[in-house]
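Asks: Quick one: the structure is below, questions incoming.
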Amino acid sequence: MALAKLGEGANTGCMTQTDDSLRDHFLVASPYLEDAGFHGAVVYLCEHSAEGAMGIVVNQPLEITVGEVLDQLDIRRERPDQPVYAGGPVQTERGFVLHRTGGDWHGTIPVSDRISLTVSRDVLEAIGRGDGPRQYLMALGYSGWGEGQLEEELASNSWLVTPADDDLLFRTPDESRYAGVLRAMGIDLNQLTNTVGHA
């Protein structure tokens, strides 16, 4: 899947969708996940097929706002001051906007009938004008898995999986998103962390 830096053209070709795809699901890092970079992470999966998977971490804000990114790109802005997220360790110089489906932007990839991913400058210009997506989340970088890699991590209990919830994605505060997703799954965060070393 080719993904472009915001402000440049984008090839929006997608992986082949399969019936058992976890696209439009949350991956929730379990205490058994060995990669410290994903500790406490909630990942929204944008693509998942036999070829691999791609997602955006949605609960690790960077020390930069959307408004500051627009300033760097010389895009006039009115009010966007929400945080930009560290979407993952791959291509951290590239930007991605997850948003409610709707609007007419060049580099948009439909993830579901509710959520889309846009990688083109025009969505940022719309956000700056105040007529962009009503609900959106911007990230730099993404999280990627090669063929069979995510399946191996799932088999080793590194991730919990649940269908994505729009309110948890767009409305829940960053610091509450991890616990909020677990709570929606019926899992108590304290009980989950206490299981480490006692399996």
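Going by the numbering used here, the letters in the sequence shown line up with residues 10 to 208, in that order. Just so it is clear, CB atoms sit at the ideal spot from N, CA and C, and this is done for glycine as well.
Label serine 165 either buried or exposed according to how many other C-beta atoms from any shown protein chain fall within 10 Å of its C-beta, with 16 as the threshold for buried.
Replies: Counting Cβ neighbours within 10 Å, serine 165 comes out exposed, since fewer than 16 surround it.
Asks: Might you give, ordered along the chain, the residues of its own chain that have their beta carbon closer than 6 Å to the beta carbon of proline 172, omitting 5 neighbours on each side?
Replies: Closer than 6 Å at the Cβ level, and outside the excluded window around proline 172, lie His34.
Asks: So, under 8 Å CB-CB, leucine 71 and leucine 146 are touching, yes? Tell me the CB distance rounded to an integer number of Å.
Replies: Rounded, the Cβ-Cβ distance is 12 Å, inconsistent with contact.
Asks: In chain order, what residues of the same chain lie with their CB nearer than 7 Å to the CB of histidine 144, ignoring the 5 residues before and after it?
Replies: A small fix is needed here, since residue 144 is glutamine in this sequence, not histidine. If we look at glutamine 144 and ignore the five residues flanking it on each side, its Cβ neighbours are His108, Arg109 and Phe179.
Asks: Where do the ends of the beta strand (DSSP E) carrying phenylalanine 35 lie?
Replies: It spans 34-38 - the beta strand (DSSP E) in which phenylalanine 35 sits, taken as one unbroken run.
Asks: Note down, in chain order, each residue of its chain lying with its Cβ closer than 8 Å to the Cβ of valine 205, except the 5 sequence neighbours on either side.
Replies: Caution is warranted here: a pLDDT of 46 is assigned to valine 205, below 50, making its placement in the model unreliable, and the coordinate value is therefore given only provisionally. Pro40 and Tyr41.
Asks: Using the C-alpha atoms, what's the distance from valine 106 back to isoleucine 136?
Replies: If you take the alpha carbons of isoleucine 136 and valine 106, they lie about 10 Å apart.
Asks: Looking only at its own chain, which residues have a Cβ that is under 7 Å from the Cβ of glutamate 134, when we skip the five neighbours before and after it?
Replies: Taken in chain order, the residues that qualify are Ile84.
Asks: Quick check on the DSSP output: what are the complete alpha helix (DSSP H) runs of length 4 or more inside the stretch 152-204, in order along the chain?
Replies: If we require 4 residues or more, the alpha helix (DSSP H) runs fully inside the stretch 152-204 come out as 158-164, 175-179, 183-193 and 198-203.
Asks: Touch check for the stretch 182-196 and the stretch 53-61: three-plus C-beta pairs under 8 Å?
Replies: No, because fewer than three Cβ pairs between the stretch 182-196 and the stretch 53-61 fall closer than 8 Å, the two stretches do not touch.
Asks: Grouping DSSP H, G and I as helix and E and B as strand, with all else coil, what is glutamate 56?
Replies: Glutamate 56: strand per DSSP, three-state reduction.
Asks: Would you list the residues sitting across from phenylalanine 105 in a DSSP beta bridge?
Replies: Phenylalanine 105 pairs with Ala148.
Asks: Is it right to say glutamine 26 is buried, meaning 16 or more other beta carbons lie within 10 angstroms of its own, or is it exposed?
Replies: Here glutamine 26 scores only 45 on pLDDT, less than 50, and its place in the model should not be relied on; the value that follows carries that caveat. Looking at its Cβ environment, which holds fewer than 16 other Cβ atoms inside 10 Å, glutamine 26 is exposed.
Asks: Over the uninterrupted alpha helix (DSSP H) stretch that includes glutamate 72, give me the two end residues.
Replies: Where glutamate 72 is concerned, there is no enclosing alpha helix (DSSP H), although the beta strand (DSSP E) it sits in stretches over 70-74.
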